[in-house]
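Residue numbers (this note's numbering): 233 to 458.
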């Protein structure tokens with residue numbers, strides 16, 4: 233059977249882009265979470281213009297996507313696409329006592345992330361907010377039920393009352409990530425769009441699919457610390 237020439241060409245472009253050490257380093261930094269160009273540049277010690285060149289190539293071949301921050305519209309975050317080849321050796325190994333999923337209101341994304349995680353992960357998880365709402369959003373409860381999951385029933389909580397030494401914080405919204413910049417805890421950021429303004433079941437299902445895919449990458453990389 234002959235391979236599809238267009239498929240071969242696309243793969244060649246992918247591997248050509250990843251054949252550069254700098255671009256491969258950028259991809260590896262994004263394996264478990266989203267980062268701004270500034271965060272990537274600081275991690276790699278790379279000037280802005282050179283980083284922009286490499287990101288442009290990765291975007292052109294479809295390996296990296298970008299979105300504007302929900303909090304600071306001047307800021308963008310980069311994330312990997314499904315076109316990036318899996319490489320378990322490139323995923324950093326993390327340890328944590330617990331996983332704390334954080335969004336601003338602790339009413340939807342963080343609650344759903346914790347419910348999904350507790351269904352598949354071995355490390356305990358809970359959720360919190362930087363400015364918690366009075367209650368969990370009804371549409372989030374309904375979305376969890378549609379997927380056979382149940383929210384923990386503990387209501388909403390402020391991250392300051394939940395997070396402890398040894399926890400891994402996963403900010404599932406841009407605002408929370410930007411408000412947690414000064415924390416000393418290990419942190420990841422997932423730029424997940426807020427389904428609440430749309431409010432439809434479809435929007436919440438898309439959010440759950442996004443969270444589930446990201447959790448699927450994090451689960452094998454994380455072990456429980458003692």
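Just so you know, even glycine gets a beta-carbon here, dropped at the ideal spot from N, CA and C.
- Per DSSP, the continuous beta strand (DSSP E) segment holding residue 299 begins and ends at 296-300.
- With respect to residue 365, residue 337 sits close: the two C-beta atoms are nearer than 8 angstroms.
- Three or more beta-carbon pairs separated by less than 8 angstroms are not found between the region 242-261 and the region 431-440, which leaves the two stretches without contact.
- Three or more Cβ pairs drawn from the region 320-339 and the region 449-457 lie within less than 8 angstroms of each other, which places the two stretches in contact.
- Within a 10 Å sphere around the beta-carbon of residue 255 sit 16 or more other beta-carbons, which makes this residue buried.
- If you compare the alpha carbons of 419, 447, 400, 413 with that of residue 329, the shortest gap goes to 400.
- The Cβ-Cβ distance between residue 374 and residue 358 does not fall below 8 angstroms.
- Sequence-distant Cβ neighbours of residue 302 in its own chain, meaning closer than 7 angstroms and more than five residues away, are 405, 406, 407, 426.
- Residue 442 has its alpha-carbon roughly 26 angstroms from the corresponding atom of residue 273.
- Inter-segment contact for the region 346-355 and the region 304-322 is absent: fewer than three beta-carbon pairs are separated by less than 8 angstroms.
- Counted as a single uninterrupted DSSP element, the stretch harbouring residue 277 is not any alpha helix (DSSP H), since DSSP gives it neither H nor E.
- Contact between residue 300 and residue 308 is confirmed by a C-beta separation of about 6 angstroms, below the 8 angstroms threshold.
- Non-local beta-carbon contacts of residue 410 in its own chain, meaning distances under 6 angstroms to residues more than five positions away in sequence, involve 303 in chain order.
- DSSP places residue 273 within a helical segment (H, G or I) once states are collapsed to three.
- If one requires a minimum length of 4 residues, the alpha helix (DSSP H) runs lying completely within the region 311-375 are 341-352, in chain order.
- Pairing residue 417 with residue 346, the inter-Cα distance amounts to about 18 angstroms.
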